[in-house]
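Chemist: Position one of the sequence shown corresponds to residue 220 (this note's numbering), numbered consecutively onward. Ideal Cβ positions, reconstructed from N, Cα and C, are used throughout, including at glycine. One structure, as C-alpha cells, below. Some questions next.
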Amino acid sequence: MKILVINSGSSTIKFKLYGAESGGLREEASGIVERIGEEVSYVRYRGRRGEIRYEAKVRDHEEGMAHVLKVLTDPEKGAIADPSEVVGVGHRVVHGGSEVTGAVVADERVERIIEKYSRMAPLHNPANLLGIRAAKKVFPRALHVAVFDTAFHSTIPEEAYLYAIPYEYYLKYGIRRYGFHGISYTYVCRRAAEILGRPLEQLRIIACHLGSGASVAAVKYGRCVDTSMGMTPLEGLVMGTRSGDIDPAIFYFLMKWEGLSADEVYELLNERSGLLGLSGISNDVRVLIEEWRKGNEAAGRALRVFAYRVRKYIGAYMAAMGGVDAIVFTAGIGEQSPLMRKLILSGLEELGIKLDDARNENPAAHGWVISSDDSKVKVLVVPTDEELVIAEETLRKVLELRKG
Ligand code: ADP
C-alpha cells in the first residue's frame with residue numbers, strides 16, 4: 220500500500236510517496252514538477268533506486284500530474300509498477316474556512332468548499348484544487364483526501380476569532396480569524412510532547428512557525444486556542460514580504476496619500492512589506508544576518524522588529540493560556556537561526572524562559588531542547604514534517620473507509 224502526498228502550487232507540484240507498512244509510514248520517493256505553464260518546465264525525482272531529472276513542456280497541472288506518474292512508474296528507477304498501488308492521495312489545502320475541522324475525503328462538496336474560500340486565499344486554494352482535480356484523473360482508483368492548514372485552528376474560541384467590526388460581516392462574509400500552518404503545528408506539538416516525555420494533553424505550548432510566512436499558535440492541552448494569522452495569512456508576525464499587524468487605518472491613508480487602489484495597497488502589504496520592505500535589502504533572513512554582521516543597520520533594524528513582534532506574541536499567549544510549559548521553534552528561521560531564537564527570547568528570563576547558548580547553537584546535538592536546566596519553560600527546536608502528517612491522515616481515512 221502506498222500513500223502519495225501532493226502539494227500543488229500555482230506553477231509547481233511537489234510530491235512524496237510513502238509505503239504504508241505495519242511499523243508505520245516510510246518515505247520512498249519524492250520530487251517536483253516546476254514552472255508549469257512556462258516555456259520550459261523541470262521534472263525532478265529521487266527514489267531509492269536513483270534520481271531522474273529532465274526538462275519538458277508541461278502546459279497545465281494535469282500534464283504535470285502525468286509526469287508525476289511517469290517518474291513514479293519509471294521501470295528502472297521508479298517506486299511503483301502501477302498507479303493502482305497508490306491507495307490514497309493526500310492533498311495539502313490552505314483554506315477550508317470554518318466548514319472543515321479535520322482531514323476529509325476530497326469529494327465534490329469539499330471541492331466546493333475549497334472554491335468558496337479561494338477569495339480569501341487566491342494564491343493557494345485555486346492551485347490546490349487544480350492539483351486535486353488533476354490527481355483524480357491520473358490516480359482514479361485512489362482515495363483522495365484533503366488536509367487543511369486551517370483545520371487545526373477550528374478549536375479557537377469565539378473571543379479569539381472574532382474581529383470587533385459589525386457582527387453582520389461575520390455572518391455575511393465569514394470575516395473572522397481562521398489561522399494557517401495548522402499541519403505544521405499538528406506535527407511539532409506532537410513531537411515536542413514526545414521529546415519532553417509528557418502527554419500533549421498536559422502541556423501549554425506556544426509554537427512559532429517562522430518561515431517566509433510566519434505565525435505563532437497557542438496550544439493549550441492539545442487544543443489550539445489562538446493564533447496570529449487571521450482571515451488571511453497577512454495578519455500577525457512580520458514576514459518575508461508581508462507586513463503582519465498594522466493599524467488598519469494605514470490602508471486608508473496609503474490609498475489617499477500615494478494615490479493607490481485597494482488592490483495596489485493589498486499587493487504592497489503582501490509582497491513588498493515585511494523584512495523586505497523594512498530593510499530595503501532582502502526578504503531572506505540569511506542575507507539580512509550577513510548584512511547586519513557587516514554593519515548594515517537597515518538589516519539589523521528589520522530583524523529586531525521581526526524578533527520583537529514574535530516576543531510580544533509569546534507574552535500575549537502566556538496571558539491567553541495562564542502560563543506556558545514549552546516554546547517550540549520550527550520552519551526555516553525557527554529551525555536554522557540561533558541568532559533569531561536568541562533575539563526573540565532575550566529578556567524573558569523573569570518569565571521563566573532561559574536559553575542555554577551551547578544548546579541553542581546546536582539543538583540536534585542536545586536532543587532538541589535548548590533551554591537551560593533551570594529554565595521553568597522548556598524551549599525546543601522541532602524540524603517540521605508536514606508531508607508526514609498529510610500521509611498519516613490520508614492513511615487513516617483509507618483504513619477507516621475499508622473498515623466501515
Ligand atoms: P517556506 O515558508 O517558504 O517553506 P522556510 O520554512 O524554508 O520557508 O523558511 C524560509 C526562511 O528561512 C527564509 O527567510 C530563510 O532566510 C530562512 N532561513 C533558512 N535557513 C536559514 C539559516 N541558516 N539562518 C537563518 N535563516 C534561515
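Under the rule that 16 or more other beta-carbon atoms within 10 Å means buried, what is residue 472, buried or exposed?
Modeler: Looking up residue 472 in the sequence shown gives position 253. Residue 472 is exposed by the Cβ-count criterion.
Chemist: For residue 266, tell me which candidate among 289, 522 and 344 has the shortest Cα-Cα distance.
Modeler: Residue numbering aside, residue 266 sits at position 47 when the sequence shown is read from its first letter. Comparing Cα-Cα distances from residue 266 to each of 289, 522 and 344, the minimum goes to 289.
Chemist: How is the alpha helix (DSSP H) around residue 335 delimited, first residue to last?
Modeler: Position 116 of the sequence shown, counted from the first residue, corresponds to residue 335. Here the alpha helix (DSSP H) through residue 335 covers 327 to 335.
Chemist: Touch check for the segment 427 to 440 and the segment 548 to 559: three-plus C-beta pairs under 8 Å?
Modeler: Short answer: they touch.
Chemist: Taking residue 509 as part of the alpha helix (DSSP H), name the residues at either end of that continuous run.
Modeler: The residue you call residue 509 lines up with position 290 of the sequence shown. Here the alpha helix (DSSP H) through residue 509 covers 504 to 512.
Chemist: Can you give me the start and stop residues for the beta strand (DSSP E) that residue 260 sits inside?
Modeler: As a position in the sequence shown, residue 260 is number 41, starting the count at 1. Looking at the DSSP string, the run of the beta strand (DSSP E) that includes residue 260 is 260 to 266.
Chemist: Less than 7 Å separating the Cβ of residue 432 from some heavy atom of ligand 1?
Modeler: Position 213 of the sequence shown, counted from the start, is the residue given in the question as residue 432. Residue 432: yes, Cβ under 7 Å from ligand 1.
Chemist: For residue 291 versus residue 236, is the C-beta spacing smaller than 8 Å?
Modeler: As a position in the sequence shown, residue 291 is number 72, starting the count at 1. As a position in the sequence shown, residue 236 is number 17, starting the count at 1. A contact, by the Cβ cut-off of 8 Å.
Chemist: Ligand 1 and residue 550: does the residue's C-beta get closer than 7 Å to at least one heavy atom of that ligand?
Modeler: Start at 1 with the first residue of the sequence shown, and residue 550 comes out as number 331. Ligand 1 approaches residue 550 closely enough that one of its heavy atoms is under 7 Å from the residue's Cβ.
Chemist: Per DSSP, residue 226 forms a beta bridge with which residues?
Modeler: Position 7 of the sequence shown, counted from the first residue, corresponds to residue 226. Note: residue 226 sits in a beta bridge opposite 233.
Chemist: Does the Cβ of residue 463 have 16 or more other Cβ atoms within 10 Å, making it buried, or fewer, making it exposed?
Modeler: Translated into positions along the sequence shown, residue 463 becomes position 244. With 16 or more neighbouring CB atoms inside 10 Å of its own CB, residue 463 falls in the buried class.
Chemist: Just the C-alpha distance for residue 307 and residue 261, rounded to the nearest angstrom, thanks.
Modeler: In the sequence shown, residue 307 corresponds to position 88, counting from 1. In the sequence shown, residue 261 corresponds to position 42, counting from 1. When rounded, the distance between both Cα atoms is 25 Å.
Chemist: Can you say whether residue 279 is buried or exposed, counting buried as having 16 or more other CB atoms within 10 angstroms of its CB?
Modeler: Looking up residue 279 in the sequence shown gives position 60. Residue 279 should be labelled exposed.
Chemist: Considering just the uninterrupted stretch of the beta strand (DSSP E) at residue 273, what are its terminal residues?
Modeler: Locating residue 273 in the sequence shown gives position 54, counting from the first residue. Taken as a continuous stretch (DSSP letters only), the beta strand (DSSP E) holding residue 273 covers 269 to 275.
Chemist: With DSSP collapsed to three states, give me the class of residue 238.
Modeler: As a first step, residue 238 is located in the sequence shown; it is residue number 19 there, counting from the start. Strand.
Chemist: Pick out whichever of 405, 298 and 373 has its Cα sitting closest to the Cα of residue 269.
Modeler: Residue 269 sits at position 50 when you count from the first residue of the sequence shown. It is 298 whose Cα lies nearest to the Cα of residue 269.
Chemist: Please go through the same chain and pick out, in chain order, the residues whose beta-carbon is closer than 6 Å to the beta-carbon of residue 374, but skip the five residues on each side of it.
Modeler: The residue given as residue 374 occupies position 155 in the sequence shown. Contacts found: 442 and 443.
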